[in-house]
Structures are given as structure tokens and as C-alpha cells.
Amino acid sequence: MLRTFDFVFRGAVLLGVLTLLLSNFRQIRRNRIENENRETIKYYRTSFQWLSIYASYFTSILTGLAIFRIGSLLKILSNGEIQFGIFNIVLLQNEEVLNIQSAIIFIGVVGSILYIFFSIVMNISYLKLGKNFSINIDIKEGNKLVKNDIYGIIRHPIYLSEIILPLAASFALQSWTLLLWGLLVVLPIYIIRAKKEDELLQHYYGDDFTEYKLRVGGFFPYFKK
Numbered sequence: 010m011l012r013t014f015d016f017v018f019r020g021a022v023l024l025g026v027l028t029l030l031l032s033n034f035r036q037i038r039r040n041r042i043e044n045e046n047r048e049t050i051k052y053y054r055t056s057f058q059w060l061s062i063y064a065s066y067f068t069s070i071l072t073g074l075a076i077f078r079i080g081s082l083l084k085i086l087s088n089g090e091i092q093f094g095i096f097n098i099v100l101l102q103n104e105e106v107l108n109i110q111s112a113i114i115f116i117g118v119v120g121s122i123l124y125i126f127f128s129i130v131m132n133i134s135y136l137k138l139g140k141n142f143s144i145n146i147d148i149k150e151g152n153k154l155v156k157n158d159i160y161g162i163i164r165h166p167i168y169l170s171e172i173i174l175p176l177a178a179s180f181a182l183q184s185w186t187l188l189l190w191g192l193l194v195v196l197p198i199y200i201i202r203a204k205k206e207d208e209l210l211q212h213y214y215g216d217d218f219t220e221y222k223l224r225v226g227g228f229f230p231y232f233k234k
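Each number in this note's numbering corresponds to the 1-based position in the sequence shown with 9 added.
Structure, rendered in C-alpha cells:
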């Protein structure tokens with residue numbers, strides 16, 4: 010049963026990857042190119058401009074490897090037995106893995122659902138930004154503060170998705186490399202990037218952004234009493 014679910018989980022993550030790559034790709038790319046051709050009014054000079062971009066690329070590489078069980082705890086041997094291990098270090102033998110397979114499957118289901126959900130969230134977030142979408146922390150001529158739709162729920166849905174996706178993939182694919190990468194690298198990078206972006210938006214939009222920030226949470230919605 011675990012082998013079957015492992016195949017399903019890898020398929021779910023692959024579906025999420027295809028959602029990110031293919032769904033509305035042309036429109037998102039067109040919006041980005043148009044934004045790049047606009048005059049830059051404000052630009053935040055920080056290493057997090059490029060760090061987050063390369064972190065996202067490396068997340069994609071690790072996810073692709075994990076789909077083929079590279080960097081995964083789960084090892085299915087040629088004789089059909091299952092092991093949990095890191096490199097050549099065996100942590101759990103076949104019987105021990107089967108004893109906890111229900112927990113492994115539950116974690117995998119949660120990870121798969123989260124991966125597909127946040128792939129869709131990221132795609133929608135790019136589209137809702139429209140021609141305001143930029144890979145940099147900057148303000149371009151003609152930009153407006155986007156405060157509606159998904160941006161009326163949280164201010165940084167793209168950054169939240171960037172954080173959740175490697176963690177969700179690590180649960181679905183039992184990948185220790187993605188888990189460590191997500192917690193130790195991606196999480197702090199995007200938290201700091203969000204803070205830098207908020208500072209730029211505060212400086213440029215002033216009271217309009219202050220009101221927006223008080224009303225809408227950065228990574229989690231504000232629940233009104």
C-alpha cells in the first residue's frame with residue numbers, strides 16, 4: 010500500500026509543478042516583460058533581490074530530484090522491501106516502516122494537498138498582480154498597490170507559497186533535503202524579503218499602505234472578532 014501511495018504522492022507533486030509551469034504561463038510572462046520595460050521609480054538595493062530568485066530555482070531542482078527519490082528518506086529496494094534512510098545509513102527496516110505506514114501516508118496526503126493548493130495560490134497571485142508583477146523589489150512607473158482578491162486576504166501570497174511548497178513537497182516525498190532547505194534557507198530568505206518589500210511600499214505609498222498593512226496580514230489573515 011505504501012508503494013502505491015508513494016506513486017500517487019509523486020504524481021501529485023508533479024501535477025503541482027506542471028500547474029506552476031504551464032498554467033497561464035504566457036500571460037504571467039507577458040506581464041513580467043511589460044513591467045521590466047517600464048521606468049524604475051524606486052528600487053531596494055539588497056542581496057535579497059537575487060538570493061530569493063536563486064533559492065526558488067534550487068527549490069525546483071531539489072523537488073525534481075525528490076520526485077525520483079533522490080534525497081528521499083523512502084527507499085524501495087529491488088526485492089520489494091522498503092527502508093527509511095539517509096544516504097547509506099538505514100534508519101528503519103522494512104517491518105519498522107510498515108508499522109508506521111499509516112502515519113507516513115497521512116503526512117504524504119497532507120503534503121500533496123498543500124503542494125497542489127499552494128501551486129494554485131501562487132499562480133493566482135501572479136495573475137492578480139497583473140502588470141505590477143516584478144521579480145525585483147521595486148516600484149515601476151504606472152504601478153498600483155494591489156489590495157483586492159487574494160491580496161485582500163494576505164499581503165504576500167507568493168512568498169508564502171515559496172515557503173510552503175518545498176515543505177509540502179518534503180512531506181509528500183519524504184525528502185529530508187527539501188525539509189532542511191525549506192526551513193533553513195527558504196523560510197528566512199522570504200521572511201526578510203517580505204520585510205524589505207514592506208519597507209519600500211511603506212516609503213512609496215505612505216498612508217495607503219499603512220491602512221492596508223493594518224487591515225491585511227503579511228503571511229496569515231487577520232481574523233476580526
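Don't be surprised by glycine CBs; every beta carbon is placed ideally from N, CA and C. All values reported here derive from a predicted model rather than from experimental measurement.
Taking the Cα positions, residue 155 is about 23 Å away from residue 55. Taking a contact as a CB-CB distance under 8 Å, the pair residue 117 and residue 181 counts as one, their CB atoms being some 5 Å apart.
Judged by their CB atoms, residue 199 and residue 172 are nearer to each other than the 8 Å cut-off. Scanning its chain for C-beta atoms nearer than 8 Å, with the 5 sequence neighbours on each side dropped, one finds around residue 185 the residues 80, 81, 82, 95 and 179, in chain order. The DSSP-derived three-state label of residue 102 is coil. The Cβ atoms of residue 92 and residue 103 lie closer than 8 Å to each other. DSSP, read as helix, strand or coil, puts residue 83 in strand. Proximity to residue 51 across 122, 123 and 152 peaks at 152, based on C-alpha coordinates. For residue 94, there is no enclosing alpha helix (DSSP H); the residue is part of the beta strand (DSSP E) that begins and ends at 91-95. Collapsing the DSSP output to three states places residue 184 in a strand.
In this structure, the alpha-carbon of residue 106 lies about 26 Å from that of residue 125.
Sequence-distant Cβ neighbours of residue 170 in its own chain, meaning closer than 6 Å and more than five residues away, are 127, 130 and 131.
Taken through DSSP and simplified to helix, strand or coil, residue 49 comes out as strand.
Scanning 213, 167, 220 and 219 for the CA closest to the CA of residue 195 turns up 167.
In this chain, the alpha helix (DSSP H) harbouring residue 129 covers 110-138.
Between residue 43 and residue 140, the beta carbon gap of about 5 Å places them in contact (Cβ cut-off 8 Å). Here residue 87 is exposed, its C-beta having fewer than 16 other C-beta atoms within 10 Å. Beta-bridge pairing by DSSP links residue 149 to 49. Counted as a single uninterrupted DSSP element, the alpha helix (DSSP H) harbouring residue 197 occupies residues 196-214.
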